[in-house]
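Written below as structure tokens is the structure these notes are about.
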Amino acid sequence: MEQIKQLDQFLIDYPFVVFLIAIWTLFWKGYSLWTAIKNDQKKWFVALLVFNTIGILDIFYIFYIAKKTWADLKEVLTGSISDKKEIPKNIE
């Protein structure tokens, strides 16, 4: 019970930390889900949707499973993705 009170007090004292974690998670979750569905990887999509790991599983998927690079991520952030790029279909 004491831990819950401490957590409540932390959230009251530092609401910006919760906000930053939420934004961090939302970004990685959104990009990883989008990448999984684009690559037709339904099992990864479900796993990424169900498990909330504050971005850790999402980052692992993006860089190690989907083989994305920081340049790919920069394209997403700057909005310079070409619609003419071929979408690879990975086989599970």
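For the sequence shown, the numbering used here begins at 10 and goes up steadily by one. Think of the CB as a built atom: it goes at the ideal place given N, C-alpha and C, for glycine as much as any other residue. Quick caveat: nothing in here was measured; it's all calculated off a predicted structure.
For residue i, the three-state DSSP class (helix, strand or coil)
{"i": "A75", "result": "coil"}
{"i": "Y23", "result": "coil"}
{"i": "F69", "result": "helix"}
{"i": "G39", "result": "helix"}
Check whether residue i and residue j have beta carbons under 8 Å apart
{"i": "K38", "j": "L20", "result": "no"}
{"i": "D67", "j": "S41", "result": "yes"}
{"i": "A45", "j": "Y70", "result": "yes"}
Cβ-Cβ separation, residue j to residue i (assumed contact under 8 Å), whole Å
{"i": "W43", "j": "I74", "result": "The Cβ separation is near 14 Å, so there is no contact."}
{"i": "G64", "j": "T34", "result": "5 Å"}
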